[in-house]
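Engineer:
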Amino acid sequence: MRLAALLEPDMVIPNMSARTKVEAIEELLECILQKHPGLDRRAITKAIAELEEQENTSYGRGVAFPHARTDAVNEMIVALGISRKGIDSDTPDQRRLHTICLLLTPRNIAQLYLQTLSAFASFARREGNIATLIRQESAEDIIRFIWESGLTIKKQLTVHDIMHRNIFHTTADATLKDVANAFYRHKVSGLPVVDDQMKVIGIISEKHLIGAALPDYESLIEHMSFNPDIEPFDELLKKEDEIRVSEIMTRKVVTCHEETPIVEVAAMMMFKNIRQVPVVENEKLIGMILRSDIVNKVIRG
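Under our numbering, read the sequence shown as residues 19 to 319, first letter to last.
1) Whole angstroms is fine: what's the gap from Leu25's alpha carbon to Ser76's?
2) Can you check the region 62-137 for any beta strand (DSSP E) of at least 3 residues that lies completely inside it and give the ranges in chain order?
3) Which partner residues of Lys270 appear in the DSSP bridge assignment?
4) Would you list the one or two residues that DSSP bridges to Pro27?
5) Using a Cβ-Cβ cutoff of less than 6 Å, which residues in the same chain neighbour Ser264 once the five nearest sequence positions on both sides are dropped?
6) Closest to Ala284 by C-alpha separation, out of Glu73, Val177, Thr268 and Pro210, would be which residue?
7) With a CB to CB cut of under 8 Å and the five nearest residues on each side skipped, what residues in its chain are close to Thr193?
8) Where does Ala97 land, buried or exposed, given buried means 16+ other C-beta within 10 angstroms?
9) Considering just the uninterrupted stretch of the beta strand (DSSP E) at Leu209, what are its terminal residues?
10) When you compare only the Cα positions, how much space is there between His116 and Ala36?
11) Taking all protein chains shown into account, decide if Met19 is buried (16 or more other Cβ within 10 angstroms of its Cβ) or exposed.
12) Please list the segments of the beta strand (DSSP E) lying wholly inside the region 277-303, counting only runs of 3 or more residues, in order along the chain.
13) Using only CA atoms, which one of Ile62, His187 and Arg153 lies nearest to Ser223?
14) If you follow the beta strand (DSSP E) that Val218 is in, where does it begin and where does it stop?
15) From Ala42 to Gly99, what does the alpha carbon distance come to, in whole angstroms?
16) Specify, as a first and last residue, the run of the alpha helix (DSSP H) that Ile261 falls within.
Now the structure itself:
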């Protein structure tokens with residue numbers, strides 16, 4: 019199905035009057051309620067506000083995707099607004115918002131919901147699309163331009179729909195201290211290890227760092243009353259600038275591609291007890307998918 023097929027002229031605002039993101043959401047919601055007057059405004063507003071409190075739905079490139087999965091609707095509803103002047107908002111790249119897409123969907127159609135978000139995000143990532151969209155004069159012109167982009171919504175939920183594209187990584191010659199600092203700075207529990215061609219050659223995680231201090235942890239578990247004379251973490255800290263990632267990382271890396279079905283990745287994570295899977299194209303790192311993504315974006319929504 020073409021992405022543009024989800025849009026109707028009376029649900030597209032070509033020149034919004036909103037001056038803030040909150041006002042933009044209210045303007046789009048008013049548009050929805052005019053067409054669907056029986057909807058519970060309070061329940062929908064609450065669902066949108068709760069998600070906005072949990073995460074910033076402004077994704078950069080001048081685009082925001084406020085959305086909610088709520089029992090107040092029984093089908094997916096999409097409203098699109100264009101702000102030609104732009105709206106000041108907290109965005110990752112500090113660019114003003116020009117395109118706001120409000121999605122409301124029942125709780126039981128997570129797949130279509132995520133794929134629609136993914137399709138709109140793909141549209142926004144294409145160079146020049148947002149700038150061209152702003153110049154369109156009417157709702158019909160906006161829909162026609164999105165139609166001509168050729169973007170479609172796939173039938174199956176894939177890694178492409180929820181993967182992280184802004185990824186952090188490390189190299190084999192980085193030190194244990196470098197990696198520990200990177201974990202803290204980026205708030206991650208593991209990093210893919212790449213070579214100078216961005217090919218994935220390993221994974222290093224918090225488990226590997228702790229294992230470097232406790233290589234004989236099984237023996238410690240078996241003898242819980244045993245108190246070593248040397249504190250293992252103290253010893254590790256003395257060598258944190260010497261130990262290299264290559265010495266403690268795992269080289270047994272499970273990877274996937276953008277078109278890999280989410281169900282397949284989820285099953286692989288469970289079977290191999292892994293938390294993260296690098297996404298590769300021609301063996302080069304292009305993204306990451308985390309176990310928490312499947313919980314937060316698919317199950318929780």
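Glycine included, C-beta positions come from ideal geometry on N, C-alpha and C.
Structural biologist: The short version:
1) The alpha-carbon atoms of Leu25 and Ser76 are separated by roughly 20 Å.
2) As far as the region 62-137 is concerned, its whole beta strand (DSSP E) runs of at least 3 residues are 76-78, 85-87, 95-105 and 115-123.
3) DSSP output for Lys270 lists no bridge partner at all.
4) None, per the DSSP bridge assignment.
5) These residues qualify, in order along the chain: Ala190.
6) The residue from Glu73, Val177, Thr268 and Pro210 with its alpha-carbon nearest to that of Ala284 is Val177.
7) The answer, listed in chain order, is Glu258, Asp259, Glu260, Ile261, Arg262 and Val263.
8) With 16 or more other Cβ atoms within 10 Å, it is buried.
9) Taken as a continuous stretch (DSSP letters only), the beta strand (DSSP E) holding Leu209 covers Gly208 to Val212.
10) Cα to Cα, the separation comes out at about 11 Å.
11) Result: exposed.
12) The region 277-303 contains these whole beta strand (DSSP E) runs: 294-299.
13) In terms of Cα proximity to Ser223, the closest of Ile62, His187 and Arg153 is His187.
14) Val218 to Ser223 is the extent of the beta strand (DSSP E) around Val218.
15) C-alpha separation (whole angstroms): 8 Å.
16) From DSSP, Ile261 is part of no alpha helix (DSSP H); its letter is neither H nor E.
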